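**Student:** Per the working numbering, the sequence shown starts with residue 1162, numbered consecutively.
Encoded as structure tokens, here's the structure I'll be asking about.
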Amino acid sequence: MKGKNRFDYILLIVTLALVGIGIVMVYSSSAIMAGDRFGDPYFFLKKQILYAGIGFVLMILMMFFPYEVLKRLASYPHPLHLFLDRCLDPGHWISGGRIDALAQDPILLLSTL
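Here is the structure:
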């Protein structure tokens, strides 16, 4: 990368190709069901294109977002992660035994240090 504001075109093309393939796969696997249930064979295709467009806009915005801010935020434990580890702990349901979430989750363990 020669300039500071340059980005990887190959990564962008590969990402767009994978999203395009995924959209085609969603359409090919759901067109008949969408036609039967909703009367529109393009129902799921439209939704998938909308969400892919939102993701593309967010991707473009994040290209210009300073990553130093993200590095600082990464040192704090995320509330959703803490919720999932504490409330939906799979060790609680396995054989009735409780496994400490910090011992089984290295990301949470590192974020609490």
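Ideal Cβ placement from N, Cα and C applies to all residues, glycine included.
Computed from a prediction, not measured in an experiment: that's the story for all the values here.
#1: According to DSSP, simplified to helix, strand and coil, what is residue 1162?
#2: Mind checking which residues open and close the alpha helix (DSSP H) that includes residue 1192?
#3: Using DSSP with H/G/I as helix, E/B as strand and the rest coil, what is residue 1205?
#4: If you run the structure through DSSP and keep just helix, strand and coil, what is residue 1167?
#5: For residue 1217, which of helix, strand or coil comes out of DSSP?
#6: Are residue 1184 and residue 1215 close, meaning C-beta to C-beta below 9 Å?
#7: What residues in its chain sit with their C-beta under 6 Å from that of residue 1206, if we drop five residues either side in the sequence?
#8: Enumerate in chain order the residues of its own chain whose CB-to-CB distance from residue 1192 is below 6 Å, with the five nearest sequence positions on each side excluded.
#9: Which residues in the same chain as residue 1213 place their Cβ atom closer than 7 Å to its Cβ, once the five residues preceding and following it in sequence are excluded?
#10: With burial defined as no fewer than 16 other Cβ atoms inside 10 Å of the residue's Cβ, what is the status of residue 1258: buried or exposed?
#11: Return the first residue and the last residue of the alpha helix (DSSP H) that residue 1138 is part of.
**Tutor:** This is what the structure gives:
#1: Numbered from its first residue, the sequence shown carries residue 1162 at position 1. Note on residue 1162: pLDDT 44, under 50, position unreliable in the model; no value is reported.
#2: Taking the sequence shown and counting its residues from 1, one reaches residue 1192 at position 31. That run of the alpha helix (DSSP H) goes 1170 to 1199.
#3: Looking up residue 1205 in the sequence shown gives position 44. Three-state result, residue 1205: helix.
#4: Numbered from its first residue, the sequence shown carries residue 1167 at position 6. Residue 1167 falls in the coil class under three-state DSSP.
#5: Residue numbering aside, residue 1217 sits at position 56 when the sequence shown is read from its first letter. Looking at residue 1217 - three-state DSSP - the assignment turns out to be helix.
#6: Within the sequence shown, numbered from 1, the residue matching residue 1184 stands at position 23. Within the sequence shown, numbered from 1, the residue matching residue 1215 stands at position 54. Residue 1215 sits away from residue 1184, with the two beta carbons spaced by 9 Å or more.
#7: The sequence position of residue 1206 within the sequence shown is 45, counting from 1. Here the set comprises 1188.
#8: Along the sequence shown, one-based indexing puts residue 1192 at 31. Closer than 6 Å at Cβ, skipping near neighbours: 1202.
#9: Mapped onto the sequence shown, residue 1213 falls at position 52. For residue 1213, where only same-chain residues beyond five positions count, the Cβ hits under 7 Å are 1180, 1184.
#10: For the purposes of this step, residue 1258 is taken as residue 97 along the sequence shown, with counting starting at 1. With a pLDDT of only 47 at residue 1258, under 50, the local geometry of the prediction cannot be trusted, and no value is derived from it.
#11: Residue 1138 falls outside the range modelled here, since the chain spans only 1162 to 1274, and no answer is possible.
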